[in-house]
């Protein structure tokens, strides 16, 4: 596999066109917001590629039937990337069933485990209707800011909820790519279950829609509160996607 220079990333973005989820995660690296690493099997006429993002979510793309793809990816993921980056875990996603077969054959060699990601897409009409019922308490102020953190190359929008001058909740669109935004939401523990996260999320979604950016909502199955909040805001569930997970601890225990 050949490592692509960052200035050439967009040249290979067509390989990832079959993805229907995690678009801001993928394209925030391909478009240069974050410092991902892209590899292709041939510079001029690539059959397939793998994108390593700085968030430990990685993506294969292209033709899964390419000869020697499993062996090449096994070497790149588990002997080059994980060892040189001193990674404790890695999660790889696939755009299709045939690709899933390839990656499963690789992860099974390393005691890989499998989970799913819950995927939601926004129904804008539902959101606008449900937004009418979201009210802000008198002691709460909401601000839309543009911040630059997490090694982002550009500012991204974040809605912060302040109670008596202290930020108690935020919702950020910290990954931006292909006119989509990945949402991250957090509320301080002592202020949870008071609706502040919902207020922050509604404010951020409104800001994103003003900029013609589509908010994406993805979470793990165990995060049931996140799934409930997504539905309350007008997000609709889509089919789950498989997450191929490697944990250093699991492989070590299997080999001892």
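Residue numbers (our numbering): 14 to 269.
By construction, the Cβ of each residue, glycine as well, lies at the ideal position given by its N, Cα and C atoms.
This structure is a prediction, so every number in the text was calculated from the model and none was measured.
Quiz item: Could you give the distance in angstroms between the alpha-carbon of residue 41 and the alpha-carbon of residue 200?
Solution: 25 Å
Quiz item: Who does residue 197 pair with in a DSSP beta bridge?
Solution: 185
Self-check item: Sub-8 Å separation of residue 82 and residue 52 beta-carbons
Solution: no
Quiz item: Whose C-alpha, out of 96, 46 and 128, is nearest the C-alpha of residue 11?
Solution: Residue 11 is absent from the model: the chain starts at 14 and stops at 269.
Quiz prompt | Bounding residues of the beta strand (DSSP E) (the contiguous stretch that carries residue 210) | solution = Element bounds for residue 210: not the beta strand (DSSP E) but the alpha helix (DSSP H), 209-223.
Practice problem: Please confirm whether residue 153 and residue 196 have their CB atoms less than 8 Å apart. | Solution: no
Quiz prompt | The alpha helix (DSSP H) enclosing residue 82, as first and last residue numbers | solution = 82-87
Quiz item: Per DSSP, residue 95 is paired with what?
Solution: DSSP lists no partner for residue 95.
Practice problem: Evaluate the contact criterion for the region 240-247 versus the region 129-137: three or more CB pairs, one atom per stretch, below 8 Å. | Solution: yes
Exercise. Enumerate in chain order the residues of its own chain whose CB-to-CB distance from residue 129 is below 7 Å, with the five nearest sequence positions on each side excluded.
Key: 234, 253, 254, 255 and 256
Quiz item: Buried or exposed: where does residue 269 fall if 16 or more other Cβ atoms within 10 Å of its Cβ makes it buried?
Solution: Any answer about residue 269 is weak, because its pLDDT of 40 lies below 50 and its placement is not dependable; what the coordinates show is given next. So residue 269 counts as exposed.
Exercise. Within 10 angstroms of the Cβ of residue 30, are there 16 or more other Cβ atoms? Answer buried if so, exposed if not.
Key: exposed
Quiz item: Relative to the C-alpha of residue 87, which residue among 204, 124 and 150 is closest?
Solution: 124
Quiz item: Using DSSP with H/G/I as helix, E/B as strand and the rest coil, what is residue 230?
Solution: strand
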